[in-house]
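S.K.:
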Amino acid sequence: MSFNILQTCARLHYAFCAYLPSHVCPLLVTANALKSSGPLGAGLVQASRSLQTSSQSLAPVPPLPEKGGKTRHGIIPEELFQFLYPKTGVTGPYMLGTGLLVYMLSKEIYVINHETFVAASIGGVFIYAVKKFGPQVAAFADKLNEEKVAKAQEVKDLAMTSLTQAIEEEKKEQWRVEGRSMLFDAKRNNVAMILETNYRERLHMVTNEVKRRLDYQIALQDLHRRMEQEHMVNWVEKSVIGQHHTSKESIAKCITDLKALAKATQAKATV
Amino acid sequence: MLCFPGALTQRRLGQVTLRELPDWLVLKSPRRPRDAIDMVQRGWQWYYRRYIDVKKGGVGGVAMLLAGYCVLSYVWTYPHLKRDRWRKYH
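For the record, the sequence lines run as chains R and F. Count the first sequence with UniProt numbering and you get residues 1 to 271, in order. Count the second sequence with UniProt numbering and you get residues 1 to 90, in order.
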């Protein structure tokens, strides 16, 4: 009765396998492993994804294949059937399987004991569960996948629309830049106009000021002359009135004398 | 007779003739523990990519792993299960 460590571990393994629980847990494991990275290969998925850190990491990842390798009855790869088909036809692998099974039973390489019945019942339940709930679980997992893909697609679409919009706006800005020269022309025109206006204002101011000063001088001269005239007229009148003229002839003589005097001074002025 | 490519080192199992099989096995056997780990890793990657990492996988991917596990543990416990045999002489 010498159990070494390996045999104990192997015994536990076999017991675990034989007593594989038939409730929901392994099915979920199955489903998850089928559709997503899964607990079985979870750590190693990272290893497979590490390929993306190579020099080609910027290229889009190739899409997953639609269907995996085919298996018949769930556990025998289709390749075996294809391999044996040319020599033994369709029933070849089944005959091989039957022969192997009978050989192992007869030589008691496979021993029938209580665990056989346990394994058979668990196997039966497993097969029943897979057949009955397989499609539903598959549809559920597909739905989860599609939701994930739809979300990612949404993000991608959003990014694409925003980027195309940005491109269009950029193009519009470039078009606007072409009008910049017209803008500068208009500004230059404005500035020239302002300068012109200023110049003309100042010209007007200068003219006005000069005209004012000249008008002042003219008014001054007029005033002088008027005052001289008035003063002279007043003085002549005063002196004529002071002479006390008695008759009309003396007044007429005074007037003719004054006229002759005026004429003489006018002639002197024009000379 | 199909002519298979090149040197013995570059052929896969399906392309090796029976005569060359022992030499091929010696050639492909791991020399350092690192090689063994690499072989296991490559094998797992191949299996994973072919049967599990697909859009619409079937039950085969995981079921084959479980079946292999059952077989392996049966092989490991056979010395103990021998005692439950029904016949005395085989």
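Ideal Cβ positions, reconstructed from N, Cα and C, are used throughout, including at glycine.
#1: Determine the burial state of R:F126: buried for a count of at least 16 other Cβ atoms within 10 Å of its Cβ, exposed for fewer.
#2: Whose CA, out of F:G61, F:W24, F:L66, lies closest to the CA of F:Y47?
#3: If we ignore side chains and look at the alpha-carbon of each, how far apart do F:D84 and F:L18 end up?
#4: If you pair each beta-carbon of the segment 68 to 78 of chain R with each one of the segment 55 to 74 of chain F, do three or more pairs fall below 8 angstroms?
#5: To test your reading of the DSSP string, which unbroken alpha helix (DSSP H) runs of 4 or more residues are found completely within the segment 4 to 53 of chain F?
#6: Assuming R:G68 and F:G58 make a contact with CB atoms under 8 angstroms, what is their CB distance in whole Å?
#7: From what residue to what residue does the alpha helix (DSSP H) around R:I167 run?
#8: Which residue wins for smallest C-alpha separation from R:E66, given the options F:V75, F:Y51, F:P79?
#9: Using beta carbons (cut-off 8 angstroms, strictly below), is F:R31 in contact with chain R?
#10: Please return the same chain residues whose Cβ sits closer than 7 angstroms to the Cβ of R:S36, not counting the five positions on each side in sequence.
#11: Nearest to R:V118 by alpha carbon, out of F:V75, F:C70, F:H80, F:W86?
#12: Among R:L84, R:E237, R:V111, which one has its Cα closest to the Cα of F:K82?
#13: By DSSP's criteria, R:K67 is part of a beta bridge. Which residues make up the other side?
#14: Taking R:E147 as the query, report the chain F residues whose CB atoms sit under 9 angstroms from its CB, ordered along the chain.
M.R.: In this structure, then:
#1: buried
#2: Residue nearest to F:Y47 within the set F:G61, F:W24, F:L66 is F:G61 (criterion: CA-CA distance).
#3: 38 angstroms
#4: These segments touch.
#5: Fully enclosed alpha helix (DSSP H) runs of 4 or longer: 21 to 28, 33 to 47.
#6: Right, the Cβ-Cβ distance comes to about 7 angstroms (below 8 angstroms), so this counts as a contact.
#7: Taken as a continuous stretch (DSSP letters only), the alpha helix (DSSP H) holding R:I167 covers 114 to 178.
#8: For R:E66, the closest alpha carbon among the candidates F:V75, F:Y51, F:P79 is that of F:Y51.
#9: no
#10: Because R:S36 carries a pLDDT of 44, less than 50, the predicted location of this residue cannot be relied on, and the following value inherits that uncertainty. The answer is none, since no qualifying residue turns up.
#11: F:C70
#12: R:V111
#13: F:K56
#14: Within 9 angstroms Cβ-Cβ: nothing; R:E147 doesn't reach chain F, min ~14 angstroms.
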